[in-house]
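Okay, structure first, notes after.
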Ligand code: 13P
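In our numbering, the protein residues as written are 373 to 627.
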């Protein structure tokens, strides 16, 4: 057993509206009031103010799904790190594959975003993971190293520990087919080992999440793996009852 806390983050992607978000957040608040596991909710940007209103001074954190690497300027449609802080965000997701695939992010810009998040006092959740093709070629280790290394060179190994890393195989996202526990453990142990070569303390302390079709029927197996400290949950965070079942499992693992 590690001393790392268990963290479950709801990445609600481009879903929700004011009444539905309110129901989700209020139900989650009540249900998890005595939980040991930690939780965060990442709604679309316009709803961060609502999250702040509903969750401030509670045990649940909130965060954004993306941000600019710049603080200000002529970047139409972008949101800066300090704006997220102003709305009380603790977390920001960086380099989600849905953004990498559409050309919004790459390994280099993720390093810049990671640094900008830390500078603003946010905790970046860096997403890494291979495509189906890369998985079938047995290239997962190479891909996750390629995604991690520019971030490490950008911010330094010490600063890496102030963030969270989420391993999300692209082929497992939204498909209902989570990666096998063996694969998840092998990759997250590889990631921890990769970091340990640079700084064993950071590798021991850093929070590593798994994401990709986590649901109540597979959460117990995935969350109890030795190198998994929690999960980034997409689809299963859209139905509050299903998400609550995952929180109960996370809390049992955390106890
Ligand atoms: P699903 O849980 O819907 O597979 O999404 C995972 C994800 O992309 C979380 O960031």
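Each residue gets a CB set at the ideal place from its N, CA and C atoms; glycine is no exception. Quantities reported herein were computed from a predicted structural model and do not represent experimental measurements.
Distance, residue j Cα to residue i Cα
i           : j           : result
residue 510 : residue 473 : 20 Å
residue 531 : residue 564 : 15 Å
residue 374 : residue 524 : 23 Å
residue 408 : residue 522 : 34 Å
residue 601 : residue 620 : 15 Å
residue 599 : residue 577 : 11 Å
residue 413 : residue 624 : 20 Å
residue 392 : residue 549 : 27 Å
residue 513 : residue 593 : 22 Å
residue 480 : residue 441 : 11 Å
residue 395 : residue 608 : 15 Å
residue 543 : residue 551 : 8 Å
residue 595 : residue 378 : 9 Å
residue 557 : residue 448 : 41 Å
residue 494 : residue 554 : 32 Å
residue 535 : residue 505 : 28 Å
residue 403 : residue 508 : 40 Å
residue 575 : residue 484 : 21 Å
residue 340 : residue 418 : This structure does not reach residue 340, given that the chain is present from 373 up to 627, and the question cannot be answered.
residue 432 : residue 380 : 10 Å
residue 405 : residue 470 : 32 Å
residue 571 : residue 401 : 37 Å
residue 626 : residue 376 : 9 Å
residue 465 : residue 573 : 24 Å
As assigned by DSSP and simplified to three states, the class of residue i
i           : result
residue 628 : Residue 628 cannot be examined here, being either before or after the span of the chain that is shown, 373 to 627.
residue 597 : coil
residue 586 : coil
residue 378 : coil
residue 610 : coil
residue 389 : coil
residue 498 : strand
Proximity winner among the options, relative to residue i (alpha-carbon distances)
i           : options               : result
residue 453 : 489, 497 and 507      : 489
residue 496 : 621, 587 and 487      : 487
residue 533 : 562, 552 and 579      : 579
residue 591 : 442, 428, 581 and 622 : 622
residue 568 : 609, 529 and 483      : 529
residue 332 : 517, 561 and 588      : Past the boundaries of the shown model lies residue 332; the chain is included only from 373 to 627, so the question cannot be answered.
residue 516 : 548, 485, 550 and 478 : 478
residue 547 : 433, 606 and 615      : 606
residue 416 : 514, 493, 451 and 405 : 451
residue 420 : 446, 463, 404 and 400 : 463
residue 613 : 410, 470, 381 and 399 : 399
residue 527 : 491, 505 and 506      : 491
Contact belief for residue i with residue j at Cβ below 8 Å, rounded distance in angstroms
i           : j           : result
residue 437 : residue 383 : 6 Å
residue 604 : residue 502 : That belief does not hold up - the Cβ atoms of residue 604 and residue 502 are roughly 16 Å apart, past 8 Å.
residue 439 : residue 456 : 6 Å
residue 424 : residue 459 : 5 Å
residue 475 : residue 498 : Going by Cβ atoms, the distance from residue 475 to residue 498 rounds to 18 Å, so no, they are not a contact pair.
residue 618 : residue 584 : With a Cβ gap of about 14 Å, residue 618 and residue 584 do not count as contacting.
residue 435 : residue 461 : 5 Å
residue 387 : residue 610 : 6 Å
residue 520 : residue 566 : 7 Å
Alpha helix (DSSP H) segments (min. 4 residues) lying fully within the segment 406 to 477: 420 to 427, 453 to 458 and 469 to 472
- Message: As an exercise, report each continuous beta strand (DSSP E) stretch of at least 3 residues that is fully enclosed by the segment 503 to 584, in chain order.
- Response: 536 to 539 and 579 to 583
(Q) Residues around the ligand COA, please: the condition is that the C-beta lies closer than 6 Å to some non-hydrogen atom of it. (A) You won't find the ligand COA in this model; what it holds is the ligand 13P.
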